[in-house]
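Notes for the one structure printed next.
In mature numbering (1 follows the signal peptide of the UniProt record, and there is no 0), the protein residues as written are -22 to -1, 1 to 76.
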C-alpha cells in the first residue's frame, strides 16, 4: 500500500513540474514575440499588429494559420513552424494575459 502512495506522489510531482516547465517555455517563446510586437515598436504605418487585447483563441488560431500556411506573411510562418501545436497554444494563452 505504501508503494502505491510513493508512485502516486512521484507521478503528481512529475505532472506539476511539467506544468511549471510549460509556463517557463511559453514565457521564453513570448520573449521572441515581443521582439517585434511591442507597443513601442508599433506605429500607425507599421504592418506589425499589436498582440494586446487578443484572446488566447485568436492568438492560437493565427499562430496555427501561420504554421500551416493558411495565412501569408514574411517571417511568422517560419517562426511558427519551429514550435509544436502545444507550444503555440501555451504561448497564445500566456500572451493573452498581457
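Using N, Cα and C, we set each Cβ at its ideal position, and we do this for glycine too.
Just so you know, these numbers come straight off a predicted model, no measurement behind them.
Three-state secondary structure assigned by DSSP to residue i
i          : result
residue 73 : helix
residue 11 : helix
residue 45 : helix
residue 36 : helix
residue 66 : helix
residue 57 : helix
residue 4  : helix
CB of residue i within 7 Å of CB of residue j, strictly
i          : j          : result
residue 33 : residue 74 : yes
residue 4  : residue 72 : yes
residue 14 : residue 26 : yes
Neighbourhood of residue i by C-beta, 7 Å cutoff - its chain only, sequence neighbours within 5 removed
i          : result
residue 7  : 61, 65, 69
residue 41 : 58, 66, 70
Other residues of its chain near residue i: CB distance less than 6 Å, five sequence neighbours each side excluded
i          : result
residue 59 : 45
residue 49 : 43
residue 54 : 44
Own chain residues within Cβ distance below 8 Å of residue i, not counting five before or after
i          : result
residue 17 : 28, 30
residue 47 : 55
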